[in-house]
Amino acid sequence: MTSKKIEGWEIDYPHRFSYRELYRATKGFKDELGKGSFDSVYKGVMPGTGLEVAVKKVSPESKQGMREFVAE
5 MTSKKIEGWE IDYPHRFSYR ELYRATKGFK DELGKGSFDS VYKGVMPGTG
55 LEVAVKKVSP ESKQGMREFV AE
């Protein structure tokens, strides 16, 4: 298994990940760090890089939560 070198721009800019990638990184959204009215935040580790991340998962029933998430 080879590890990829992370470039500076890869850290500085937002990225999109598939649900599958985030599910794997959080081990099934298992380790909840916090919870708000419209979402929960989970601890994760990105496969391949080992980078620790916090993943916000918006409640599917919350239109207001989705608007707030997009605004962030």
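Using our numbering, the final residue of the sequence shown is 76, and nothing's skipped along the way. The beta-carbon is built from N, C-alpha and C at its ideal position, and this holds for glycine as well.
Residue burial is scored here from C-beta neighbours: G52 has fewer than 16 other C-beta atoms within 10 angstroms and is therefore classed as exposed. Counting of Cβ neighbours within 10 angstroms places G38 among the exposed residues, the total staying below 16. Nearest C-alpha to E36 among P64, A58 and R28: A58.
Bounds of any beta strand (DSSP E) do not take in E65, whose DSSP letter is neither H nor E. Considering only G40, K47, H19 and F21, the residue with the shortest C-alpha distance to K31 is K47. In this structure, the CA atom of P64 is about 16 Å from the CA atom of R24.
The shortest C-alpha to C-alpha distance from F42 to any of H19, K60 and R20 is the one to K60.
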